[in-house]
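Read through the structure below, which is laid out as structure tokens, and then see the notes.
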Amino acid sequence: MLKDILIDLAALYGIDLSNTNERNLLVIRVNHAARELHDKRDIPEALSELVADIDQYSQQVALPNYVYSVRAMRYYDSREKIDIENIKNRYHDGYGGDCWPLKFRQTKDSPICREIANLSTLVVTIPLEEEEEFSVTISGQTEHSTRDSETLVFSAGDTEKETTLNFKDIESIVKSKATKYDVTITDADDNVVAIIPNVKNDVSYKIFQLTESDITGGSTYGAVEVLYLTQFMPAQEDSDTFWGTDKYDRTIIFKYRELYGEDDLNLSVAYGGKADKDLLEMHQADKPGKRERINFKPQPYFDLPYVRTGELGIEQ
Numbered sequence: 002m003l004k005d006i007l008i009d010l011a012a013l014y015g016i017d018l019s020n021t022n023e024r025n026l027l028v029i030r031v032n033h034a035a036r037e038l039h040d041k042r043d044i045p046e047a048l049s050e051l052v053a054d055i056d057q058y059s060q061q062v063a064l065p066n067y068v069y070s071v072r073a074m075r076y077y078d079s080r081e082k083i084d085i086e087n088i089k090n091r092y093h094d095g096y097g098g099d100c101w102p103l104k105f106r107q108t109k110d111s112p113i114c115r116e117i118a119n120l121s122t123l124v125v126t127i128p129l130e131e132e133e134e135f136s137v138t139i140s141g142q143t144e145h146s147t148r149d150s151e152t153l154v155f156s157a158g159d160t161e162k163e164t165t166l167n168f169k170d171i172e173s174i175v176k177s178k179a180t181k182y183d184v185t186i187t188d189a190d191d192n193v194v195a196i197i198p199n200v201k202n203d204v205s206y207k208i209f210q211l212t213e214s215d216i217t218g219g220s221t222y223g224a225v226e227v228l229y230l231t232q233f234m235p236a237q238e239d240s241d242t243f244w245g246t247d248k249y250d251r252t253i254i255f256k257y258r259e260l261y262g263e264d265d266l267n268l269s270v271a272y273g274g275k276a277d278k279d280l281l282e283m284h285q286a287d288k289p290g291k292r293e294r295i296n297f298k299p300q301p302y303f304d305l306p307y308v309r310t311g312e313l314g315i316e317q
């Protein structure tokens with residue numbers, strides 16, 4: 002856990018954890034080190050799965066903000082693998098005039114999970130009252146402005162606010178601070194266009210385009226199954242753990258010593274190598290992606306000769 006990492010590093014480098022500034026700087030650097038490990042390899046505990054509906058009108062899939070990077074996709078019903086292509090391929094020779102049936106490409110990151118069909122005010126709600134004041138600022142295109150913004154202030158006790166502006170598209174949705182509850186944004190037709198997690202100040206969806214044609218049909222492909230790397234969650238409290246486990250604490254310490262702890266370049270590189278070796282060995286031990294059956298060996302007593310028991314003992 003974070004406390005163990007901090008104590009170890011404080012002892013190594015003489016850092017005073019009772020000094021708020023020194024502790025805060027150490028926590029920031031530890032999170033930087035852990036983030037680099039997160040981005041460098043597929044840590045098994047950071048991989049997860051979800052099922053997402055295909056919007057039959059737009060032929061798009063919007064993946065929520067906790068998706069950091071997609072590792073694989075397949076159709077939920079047929080279990081067919083999905084090829085994800087770079088959007089630039091669409092503009093190469095031989096691609097430009099083609100439809101893209103059954104080929105996904107990531108088009109953008111967006112603060113909303115669905116397009117706003119018409120000009121619309123937006124309604125911002127929380128399920129229960131917050132104890133402290135916070136605000137939500139929405140920026141985007143309106144009828145008469147390429148960019149305009151409006152800030153909705155939630156006082157203690159408020160649960161719903163509506164914009165006075167009618168938006169055509171949204172550029173960003175930002176919350177002033179972390180809240181106790183998630184914040185939901187809906188359009189005039191009561192469609193959910195975004196949900197800001199309580200622990201984050203903004204929201205972002207990964208938008209994948211399937212095809213411009215009707216070739217898939219309305220019901221043939223209704224959903225996709227996604228294997229993804231989760232967003233990195235920084236640690237703050239002493240009891241926090243990275244990826245829900247303490248088995249990477251030593252690796253994070255090695256990575257910290259590579260990035261911040263050593264003035265000697267060779268020693269720094271050595272600690273970086275130790276961090277990579279740690280991850281690699283754990284990665285190989287987990288055998289990700291390898292199809293393997295567990296060999297349940299029979300217990301020895303299953304091989305004993307069969308005998309029939311009588312009322313007073315074993316008959317000969």
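In this note's numbering, the protein residues as written are 2 to 317.
Heads up, the beta-carbon is just placed ideally off N, CA and C, and yes, glycines get one too.
Sub-7 angstroms separation of residue i and residue j beta-carbons
i, j, result
"Leu38", "Leu7", "no"
"Thr185", "Ile196", "yes"
"Ala236", "Leu3", "yes"
"Leu230", "Ala34", "no"
"Ser177", "Ser136", "yes"
"Thr181", "Glu131", "Checking the displayed sequence, the identity of residue 181 turns out to be Lys instead of Thr. Contact: yes."
"Thr126", "Thr138", "no"
"Tyr67", "Gln232", "yes"
"Gly245", "Glu116", "no"
"Ala53", "Val62", "yes"
"Arg106", "Glu134", "no"
Beta bridge counterpart(s) of residue i as assigned by DSSP
i, result
"Met74", "Val227"
"Arg106", "Gln210"
"Ile85", "Phe105"
"Phe243", "Thr246"
"Ser150", "Ser140"
"Asp183", "DSSP, once it has assigned bridges, lists no residue as partnering Asp183."
The beta strand (DSSP E) enclosing residue i, as first and last residue numbers
i, result
"Lys176", "168 to 176"
"Phe209", "206 to 210"
"Asp54", "48 to 54"
"Val194", "193 to 197"
"Ala63", "61 to 64"
"Lys162", "161 to 163"
"Val124", "124 to 126"
Buried/exposed call for residue i, threshold 16 Cβ in 10 Å
i, result
"Leu10", "buried"
"Arg258", "buried"
"Thr108", "exposed"
"Gly141", "buried"
"Tyr14", "exposed"
"Val71", "buried"
"Val200", "exposed"
"Asn32", "buried"
"Thr160", "exposed"
"Thr165", "exposed"
Residue range of the unbroken alpha helix (DSSP H) whose run includes residue i
i, result
"Phe255", "250 to 257"
"Ala12", "3 to 14"
Cβ neighbours of residue i in the same chain (closer than 6 angstroms, five flanking residues each side left out)
i, result
"Thr187", "Val124, Val193"
"Ser111", "Tyr206, Ile208"
"Gln285", "none"
"Asp17", "Glu23"
Sequence-distant residues of its chain with Cβ nearer than 7 angstroms to residue i (five each side left out)
i, result
"Asn167", "Leu120, Ser121, Thr122, Thr143, Glu144"
"Glu50", "Glu226, Val227, Leu228"
"Gly158", "Glu130"
Contacting residues, own chain, Cβ-Cβ under 8 angstroms from residue i (five flanking each side not counted)
i, result
"Thr21", "none"
"Tyr272", "Phe255, Lys256, Arg258, Glu259, Gly262, Glu263"
"Arg251", "Asp279"
Any C-beta of chain B under 7 angstroms from that of residue i
i, result
"Asn199", "The chain inventory of the structure shown lacks chain B, comprising one protein chain alone."
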